[in-house]
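Note sheet for the following structure.
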Amino acid sequence: MSEMISRHIQIDNWIFEVKMVRALRVQNYGEPYSAIANINLNGSSAYIDGMMQKNQQQISNEDIQVFKEFCQQMAIDEIKLDLRNSFLTDQAPTLEDAPLKRA
701 MSEMISRHIQ IDNWIFEVKM VRALRVQNYG EPYSAIANIN LNGSSAYIDG
751 MMQKNQQQIS NEDIQVFKEF CQQMAIDEIK LDLRNSFLTD QAPTLEDAPL
801 KRA
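Quick note on numbering: the numbering used here labels position 22 of the sequence shown as 722, and the sequence is numbered without any gaps.
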């Protein structure tokens, strides 16, 4: 999936801007989730923090790839991960077209 998601929605004379996203790892919305993360969007940058996984395991590289796919759909060029988060994998992958930087 490579479609672009709109970050601005206009209704009448109000514009709603997506600035923060809560990501849940779960098969179906409403079911108990196994991981959670917060993503703050600012211009073409995203800051991912608050990543936690059930049983205090590390977030996998596959999970990081999903976050990068979401950020690409939101027209994000730079992704920063919270370095203080002990639940991240030791070797987070990088992208050539959307650099993954540790904050």
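Every residue gets a Cβ at the ideal spot worked out from N, C-alpha and C, and that includes glycine.
This one's a predicted model, so the numbers in the text were calculated from it and none came from an experiment.
- The closest CA to that of VAL718, considering only GLN756, TYR733 and ASN742, is found on ASN742.
- By the Cβ neighbour-count rule, LEU724 is exposed, with fewer than 16 other Cβ atoms within 10 Å of its own.
- PHE716 is classed as exposed because its beta carbon has fewer than 16 other beta carbons within 10 Å across all chains shown.
- When the alpha-carbon of GLN756 is set against those of GLU731, ALA735 and MET720, the nearest one is in ALA735.
- In the three-state reduction of the DSSP assignment, GLU769 falls in the helix class, which pools H, G and I.
- In the three-state DSSP reduction, LYS719 falls in the coil class, being neither helix nor strand.
- Collapsing the DSSP output to three states places ILE736 in a strand.
- Scanning GLN765, ASP763 and GLN773 for the CA closest to the CA of SER706 turns up GLN773.
- DSSP, read as helix, strand or coil, puts ILE764 in helix.
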